[in-house]
Amino acid sequence: MMHSIARMLVRAACLTSVLAGTAHAQDAQALRLRSLAAACAPCHGTDGHAVPGAALPGLAGMPAAYFSEQMSGFKSGARPATVMTQLARGFSAVQIEQMARFFAAQPK
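The sequence shown maps to residues 44 to 151 in this note's numbering.
If you want it as structure tokens, here you go:
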């Protein structure tokens, strides 16, 4: 009896450790996404929420496909811009997709 209780406690400890590791990995991923999005904050607002009356659009709630298309256009030079062309070139296609999903998930 005591042996099976000890085994159950070990299994519970292992499961807790695995779950904690998964939560930590999710927290780290969320932090990486917020860090990518922070690059946009000086012009487009924190988490894509532009200041009311701002000349530049907010990114929060923007459809992911539209965001990706625009960023890809800036990156390739197909969409002319001053600052965005240079900024977009600094992001990989994967990072652009991650930012697209991040901003799409933000409430307007």
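Just so you know, even glycine gets a beta-carbon here, dropped at the ideal spot from N, CA and C.
The DSSP assignment places complete alpha helix (DSSP H) segments of no fewer than 4 residues inside the region 71 to 142 at 84 to 87, 107 to 119, 126 to 132, in order along the chain. If you ignore the 5 residues before and after residue 118, its C-beta comes within less than 8 Å of the C-beta of 128, 131, 132, 134, 139, all in its own chain and listed in chain order. By the neighbour-count definition (other C-beta atoms within 10 Å, threshold 16), residue 74 is an exposed residue. A Cβ-Cβ separation of about 12 Å leaves residue 145 out of contact with residue 84 under the 8 Å criterion.
The DSSP-derived three-state label of residue 69 is helix.
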